[in-house]
Amino acid sequence: MYIDNGATVDATWTKAIAWSSDNTNWNTLNKNGLSVHHNIVNKNIASPLVKRSTSFLITIKKGEDELLQFDIQDVVGKGTWAATAAGLQVAVDDISNWISN
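Adding 543 to a residue's 1-based position in the sequence shown gives its number in the working numbering.
Here it is, written out as structure tokens:
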């Protein structure tokens, strides 16, 4: 997954957050009214269906509606978004900054 401030992807997307699964075809969210939330989820399940035991989740909401949720471990190109509590906070801070600018 790729995610960035919209204007970083396309100079005309100044009011958007952009994300893509392939770094070619992009989706956008209008920044107006968005908020960012985070959660660390520990899964104590030994199952081949569980991708990893701990997820570092970001949820982007508009009001109470969840518009986008992802694990920062699935994000490409954001080296400071480490799979730690501190790395998760960096991701929250980055996205909050995108929303406010």
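All residues carry an ideal CB built from backbone N, CA and C; glycine is no exception.
Item	Value
Quick test of your reading: Lys-604 and Leu-577, contact by CB under 8 angstroms. State the CB separation rounded to the nearest angstrom.	7 angstroms
From the DSSP secondary-structure annotation, give me the bridge partner or partners of Ser-578.	Lys-604
Tell me the rounded alpha-carbon separation between Asp-608 and Trp-624.	24 angstroms
Roughly how far, in whole angstroms, is the beta-carbon of Lys-574 from the beta-carbon of Ile-642, given that I think they are within contact range, below 8 angstroms?	5 angstroms
Nearest by alpha-carbon distance to Phe-613: which of Ala-634, Ala-629, Gly-622, Gly-606 is it?	Ala-634
Out of Thr-567, Thr-551, Asn-568, which has the shortest C-alpha to C-alpha gap to Ile-560?	Thr-551
Just to confirm the assignment, what range does the alpha helix (DSSP H) spanning Trp-562 have?	First-last for Trp-562: 559 to 563, but that is the beta strand (DSSP E), not the alpha helix (DSSP H).
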